[in-house]
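Asks: Residue numbers (my numbering): 1 to 447. Quick reminder that beta carbons are idealized off the backbone N, C-alpha and C, glycines included. Computed from a prediction, not measured in an experiment: that's the story for all the values here.
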Ligand code: SF4
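1. List in chain order the residues whose CB is within less than 6 Å of at least one heavy atom of the ligand SF4.
2. Return the CA-CA distance between residue 314 and residue 307, expressed in angstroms with no decimal places.
3. Give me the Cβ distance between residue 288 and residue 262, rounded to the nearest whole Å; I'm assuming they're in contact under 8 Å.
4. Please name the residue in 175, 352 and 362 whose C-alpha comes closest to that of residue 293.
5. Going by DSSP, name the residue or residues bridged to residue 99.
6. In the DSSP assignment, what residue or residues form a beta bridge with residue 270?
7. Distance, Cα to Cα, residue 324 vs residue 210?
8. What does the Cβ neighbour count give for residue 412, buried or exposed, with the cut at 16 atoms within 10 Å?
9. For a minimum of 4 consecutive residues, which ranges assigned as the alpha helix (DSSP H) are wholly contained in the stretch 315-366?
10. Near residue 333, which residues of its chain fall below 7 Å by C-beta distance, leaving aside the five closest residues on each side in sequence?
11. What's the C-alpha gap between residue 239 and residue 133?
12. Between which two residues does the beta strand (DSSP E) harbouring residue 284 extend?
13. Quick one: grab the DSSP three-state call for residue 430.
14. As an exercise, report each continuous beta strand (DSSP E) stretch of at least 3 residues that is fully enclosed by the stretch 150-238, in chain order.
15. Report the rounded CA-to-CA distance for residue 42 versus residue 198, giving the unit in angstroms.
16. DSSP has residue 246 in a bridge; who is on the other side?
17. Does the stretch 144-162 come into contact with the stretch 395-412, if we say contact requires no fewer than three beta-carbon pairs (one atom in each stretch) closer than 8 Å?
18. Using a Cβ-Cβ cut-off of 6 Å (strictly less than) and excluding sequence neighbours within five positions of residue 327, which residues of its own chain qualify?
19. Judging by CA-CA distance, which residue of 257, 143 and 76 is the nearest neighbour of residue 420?
20. So, under 8 Å CB-CB, residue 392 and residue 137 are touching, yes? Tell me the CB distance rounded to an integer number of Å.
21. In the DSSP assignment, what are the bridge partners of residue 30?
22. Are the beta-carbon atoms of residue 430 and residue 229 separated by less than 9 Å?
23. Between which two residues does the alpha helix (DSSP H) harbouring residue 85 extend?
24. Excluding five sequence neighbours on each side, which residues of the same chain lie with their C-beta closer than 8 Å to the C-beta of residue 201?
25. Can you tell me whether DSSP reads residue 67 as helix, strand or coil?
26. Could you give the DSSP three-state label for residue 375: helix, strand or coil?
27. I need the straight-line Cα distance from residue 448 to residue 91, nearest angstrom please.
Shown next as structure tokens:
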């Protein structure tokens, strides 16, 4: 996997400008909350993730909090910030590399040296061994992964520490360790294989999890997966265990295992707020995959009704959704796959095609601009970007870059060694896992 060159993203329509126009009354359409038009600094001090689709999620007590952004960055116009960012990057030259996630707003992405998904960008960080600083315009767990893979003398910087991921925070290390203890009481020793050569349960974590969770997985014989390789990773886990404990995203786990033939009744949900996760002992003994009660606030907005509407309005439309969407949405779509899969599917279409896409709106708008020969739209008619990613405003990017110019490193993300070492083990297992005989990075439905 390689990150996307910047030049492919420059013509994108700005989601932020559209939101500003809607809220000002000069634009059409709707946004999930008018709060999105405000500056992220208006929300950084509040006990929540701020505006957007994850506004209902409570920010955990241990999540990092952003300090006050200096006033000059809050008052500057987009044009002024863009000039300052460009000038700071020119001054820093090869000393800095700026990474932009696919879901990042265009006003930030236009300054990125690489654009990609979290793992592609972590690899880009790894490849730039000469850069003193890696500015990661994504969310917290992504910056942690970049820190795990980059050199010890390189500083990974997250421009706004309030840019967390509501899904990643749905599995805290305390909750996961408590779950593990309860499973140990139920199944016995979890780390020693039985007579069949299998351990009772193998922990598998989605890349969208904290470094602490990746470290836990590394210590307990488990592995990390991405949305591109989840099936390969589950195959790896089933070669070693009778069951899989999959966190934090129940939907990716369910969709992947279902496509592999695991019946839904053998995938109990684990709610960390309930004894035995809310499942019965029988359900847990019979389980093949125990699904953590987590989800992505952005992808759970997609619905079968939206797909039905797209099909009614655009006969012949090709519907592709991300596997973080609920199972009924994946079933109703034509295909499901990672952001990389979606990009490649659109790039490979040789005839003008209508695509309805079920993933974050910034990426969908960028793809629409990139492939004008196709009609590409987001399944969700309401503009609702990833609100945590949205906390990376150009003002924060200008601030961290100008701080670097002044010789100061702000907002450095550093994973402690006792967490980083086992976390790297779980990542290395993922890199070494071999795909099954028939490649299956995505699900292609019959419809
Ligand atoms: S889109 Fe969902 S999973 Fe991705 S960073 Fe945002 S909240 Fe987290």
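Replies: Taking the geometry as given:
1. Those residues, listed in chain order, are 54, 103, 139, 165, 166, 167, 208, 296, 297, 298, 360, 386, 388 and 389.
2. As a working note, residue 314 is residue 314 in the chain shown. As a working note, residue 307 is residue 307 in the chain shown. Roughly 10 Å between the two C-alpha positions.
3. Working through the chain shown from its first residue, we reach residue 288 at position 288. Working through the chain shown from its first residue, we reach residue 262 at position 262. Contact annotation, residue 288 with residue 262: C-beta distance approximately 5 Å; criterion of less than 8 Å satisfied.
4. Residue mapping note: residue 293 aligns to position 293 of the chain shown, counting from 1. Cα-wise, what sits closest to residue 293 is 175.
5. The sequence position of residue 99 within the chain shown is 99, counting from 1. DSSP output for residue 99 lists 114 and 136 as bridge partner(s).
6. Here residue 270 corresponds to residue number 270 of the chain shown, with the count starting at 1. For residue 270, the pairing in a beta bridge is given by DSSP as 292.
7. Numbered from its first residue, the chain shown carries residue 324 at position 324. Numbered from its first residue, the chain shown carries residue 210 at position 210. Distance between the alpha carbons of residue 324 and residue 210: 17 Å.
8. For this step, residue 412 is matched to residue 412 along the chain shown. So residue 412 counts as exposed.
9. If you keep only unbroken alpha helix (DSSP H) runs of at least 4 residues inside the stretch 315-366, you get 327-332 and 339-348.
10. To locate residue 333, count along the chain shown from 1; it is residue 333. Excluding positions up to five away in sequence, the list reads 307, 319, 320, 321, 358 and 445.
11. Within the chain shown, residue 239 is the residue found at index 239, counting from 1. Within the chain shown, residue 133 is the residue found at index 133, counting from 1. Computed Cα separation, rounded: 40 Å.
12. Numbered from its first residue, the chain shown carries residue 284 at position 284. Taken as a continuous stretch (DSSP letters only), residue 284 belongs to no beta strand (DSSP E), being part of the alpha helix (DSSP H) at 281-286.
13. Looking up residue 430 in the chain shown gives position 430. Here residue 430 sits in helix by DSSP.
14. Those beta strand (DSSP E) runs which fall completely within the stretch 150-238 and span 3+ residues are 155-157, 202-206 and 223-225.
15. The residue given as residue 42 occupies position 42 in the chain shown. The residue given as residue 198 occupies position 198 in the chain shown. Going by the C-alpha atoms only, they are around 51 Å apart.
16. Translated into positions along the chain shown, residue 246 becomes position 246. 204 and 291.
17. With the cut-off at 8 Å, the stretch 144-162 and the stretch 395-412 touch.
18. Mapped onto the chain shown, residue 327 falls at position 327. Excluding residues within five positions, the ones whose Cβ falls inside 6 Å are 254 and 255.
19. Within the chain shown, the letter at position 420 stands for residue 420. With distances taken between CA atoms, residue 420 lies nearest to 143 out of 257, 143 and 76.
20. Against the chain shown, residue 392 aligns to sequence position 392. Against the chain shown, residue 137 aligns to sequence position 137. With 8 Å as the limit, residue 392 and residue 137 qualify as a contact, their Cβ atoms being about 5 Å apart.
21. Here residue 30 refers to the residue found at position 30 of the chain shown. Residue 30 is bridged by DSSP to 382.
22. The residue given as residue 430 occupies position 430 in the chain shown. The residue given as residue 229 occupies position 229 in the chain shown. At a Cβ-Cβ threshold of 9 Å, residue 430 and residue 229 count as neighbours.
23. Numbered from its first residue, the chain shown carries residue 85 at position 85. For residue 85, the enclosing alpha helix (DSSP H) begins and ends at 78-92.
24. If you number the chain shown from 1, residue 201 lands on position 201. Around residue 201: 183, 187, 190, 241, 242, 243, 244, 245 and 290.
25. The residue labelled residue 67 in the question sits at position 67 within the chain shown. The three-state secondary structure of residue 67, taken from DSSP, is coil.
26. Taking the chain shown and counting its residues from 1, the one referred to as residue 375 is at position 375. Under the three-state reduction of DSSP, residue 375 is assigned to strand.
27. Residue 448 is absent from the structure shown; the chain starts at 1 and stops at 447.
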